[in-house]
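Colleague: Take the sequence shown: its letters are residues -26 to -1, 1 to 216, numbered as in mature numbering (1 follows the signal peptide of the UniProt record, and there is no 0).
We put the beta carbon where it would ideally sit given N, CA and C, even for glycine.
Just passing along the structure, written as structure tokens.
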Amino acid sequence: MFIRQIKKIRGLWLLSAWFFSSVINAQNSLQTGVSFYKVNPETETIRMYWRQDDGTPYQTLGRLIDAKGKSHQINMAINGGIYDKEYRPEGLYIENGKTLRELNTKSGEGNFYIRPGGVFSIGNGQAKIETLEAFGAIPDITFAVQSGPMLLQHGKINTKFSQTSESRKIRNAVGLTAKGDIYFLLSRQPMNFYEFAHYAAEQLNITELLYLDGTISGMYTPSGGVPSQRYPFVTMITVERK
């Protein structure tokens, strides 16, 4: 019935695979408070963005979509890892094979420094989420962003998280399943780390989950549109049609 209604409204519009995915994700967010996007590696590729060709940061999903949307079919876009006070990636950042920020193994305060930290990388067509200690060679990596903490490792929730924690915020993350499925997640309602990780493990069978950022997080899909932003993003991750 839902598909027939869309056909009546849209007339001759074709419903592509990414549209179905976005609709399903939107429905899921209404039911659970979490939106997710599952990447199709056969038809989609993952890219990362920070600055435009002239060195100016994109800062917003809207600006990124405007700049790249004509030449790239962007099926999903989301903010990347945590950044410092000068609006630079807090840790490792690789874009198009170039290391723009080095790996950060220092100690500090804030979510980024809760251990274990991790790196989400794309190299040789393969996505990986690794702890800082396990992170491998850089030469084969096309895109990478460091963030933290790891919310799930080998399917187990980080022991530093409490189920009763009152620190509930909007959060986003990237996850991998044991089969290699790639998910991007955004909570649509405030959640603590434990709740967010538990959802990913129980509902999506995610075994490795890396926290990207919180409070300011947002996700773009064609069906959902460009979210409003009060604060700038630094790095952004897209899922694009090959």
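Could you please give the first and the last residue of the uninterrupted beta strand (DSSP E) stretch that includes Leu66?
Modeller: Position 92 of the sequence shown, counting from 1, holds the residue named residue 66. Element bounds for Leu66: n/a, residue is neither H nor E.
Colleague: Could you tell me whether the segment 161 to 178 touches the segment 15 to 27, using the rule of 3 or more Cβ pairs below 8 Å?
Modeller: No, they do not touch.
Colleague: Any idea what DSSP makes of Glu214, helix, strand or coil?
Modeller: Counted from its first residue, the sequence shown places residue 214 at position 240. Strand.
Colleague: Apply the 10 Å Cβ neighbour rule to Gly29 and answer buried if 16 or more other Cβ atoms are within range, or exposed otherwise.
Modeller: One-based indexing of the sequence shown puts residue 29 at position 55. Gly29 should be labelled exposed.
Colleague: Looking at Pro123: is its Cβ nearer than 8 Å to the Cβ of Ile88?
Modeller: Position 149 of the sequence shown, counting from 1, holds the residue named residue 123. Position 114 of the sequence shown, counting from 1, holds the residue named residue 88. Yes, these two residues count as a Cβ contact at 8 Å.
Colleague: Take the Cβ of Ala51 as the centre, count every other Cβ of all protein chains shown within 10 Å, and call the residue buried at 16 or more, exposed below.
Modeller: Counted from its first residue, the sequence shown places residue 51 at position 77. When all chains shown are included, Ala51 counts as buried.
Colleague: Nearest CA to the CA of Leu126: which residue from Val13, Gly7 and Glu182?
Modeller: Here residue 126 corresponds to residue number 152 of the sequence shown, with the count starting at 1. It is Glu182.
Colleague: Within the same chain, show all residues whose beta-carbon is closer than 6 Å to that of Lys143, passing over the 5 residues directly before and after it, in chain order.
Modeller: Numbered from its first residue, the sequence shown carries residue 143 at position 169. Counting only Cβ-Cβ distances below 6 Å, and skipping sequence neighbours, we find Pro164, Gly188 and Thr189.
Colleague: When the Cα of Val93 is compared with those of Gly149, Arg145, Ile48 and Glu60, which residue comes out closest?
Modeller: Numbered from 1 along the sequence shown, position 119 holds the residue referred to as residue 93. Closest option to Val93, Cα to Cα, is Gly149.
Colleague: Using a Cβ-Cβ cut-off of 7 Å (strictly less than) and excluding sequence neighbours within five positions of Ser3, which residues of its own chain qualify?
Modeller: For the purposes of this step, residue 3 is identified with residue 29 of the sequence shown, where counting begins at 1. Because Ser3 carries a pLDDT of 48, less than 50, the predicted location of this residue cannot be relied on, and the following value inherits that uncertainty. Hits under 7 Å: Ser9 and Arg162.
Colleague: Run the CB neighbour count on Arg145, radius 10 Å, all protein chains shown included, and call it buried at 16 or more, exposed below.
Modeller: Position 171 of the sequence shown holds residue 145. Classification for Arg145: buried.
Colleague: For Asn166, which residues from the same chain have a beta carbon less than 6 Å from its beta carbon, with the 5 sequence-adjacent residues on both sides left out?
Modeller: Along the sequence shown, read from residue 1 onward, the residue named residue 166 stands at position 192. Ser139, Ser141 and Arg142.
Colleague: Are Ser136 and Tyr168 closer than 8 Å when you measure CB to CB?
Modeller: Counting from 1 along the sequence shown, the entry for residue 136 is found at position 162. Counting from 1 along the sequence shown, the entry for residue 168 is found at position 194. In this structure, Tyr168 lies closer than 8 Å to Ser136 by Cβ.
Colleague: Looking at Ile39: is its Cβ nearer than 8 Å to the Cβ of Phe117?
Modeller: As a working mapping, residue 39 is identified with position 65 in the sequence shown. As a working mapping, residue 117 is identified with position 143 in the sequence shown. Result no, Cβ atoms of Ile39 and Phe117 do not sit closer than 8 Å.
Colleague: Keeping to the same chain, check which residues put their C-beta closer than 6 Å to that of Pro90; ignore five residues upstream and five downstream.
Modeller: Locating residue 90 in the sequence shown gives position 116, where the first residue counts as 1. Same-chain partners within the cutoff: Thr105 and Met124.
Colleague: Per DSSP, what are the beta-bridge partners of Gln100 in this structure?
Modeller: The sequence position of residue 100 within the sequence shown is 126, counting from 1. Beta-bridge pairing links Gln100 to Gly97.
Colleague: Measure the alpha-carbon distance for Thr212 versus Thr133 and round it to whole angstroms.
Modeller: As a first step, residue 212 must be located in the sequence shown, where it is residue number 238. As a first step, residue 133 must be located in the sequence shown, where it is residue number 159. Cα-Cα distance, rounded: 30 Å.
Colleague: Could you spell out where the alpha helix (DSSP H) holding Gly169 opens and where it closes?
Modeller: For the purposes of this step, residue 169 is identified with residue 195 of the sequence shown, where counting begins at 1. Correcting the residue identity first, residue 169 is Glu in this sequence and not Gly. Start and end: Phe167 to Leu178.
Colleague: What is the rounded straight-line gap between the Cα of Gly110 and the Cα of Leu74?
Modeller: The residue labelled residue 110 in the question sits at position 136 within the sequence shown. The residue labelled residue 74 in the question sits at position 100 within the sequence shown. The alpha-carbon atoms of Gly110 and Leu74 are separated by roughly 17 Å.
Colleague: From what residue to what residue does the beta strand (DSSP E) around Ile88 run?
Modeller: Translated into positions along the sequence shown, residue 88 becomes position 114. Where Ile88 is concerned, there is no enclosing beta strand (DSSP E), given that its DSSP letter is neither H nor E.
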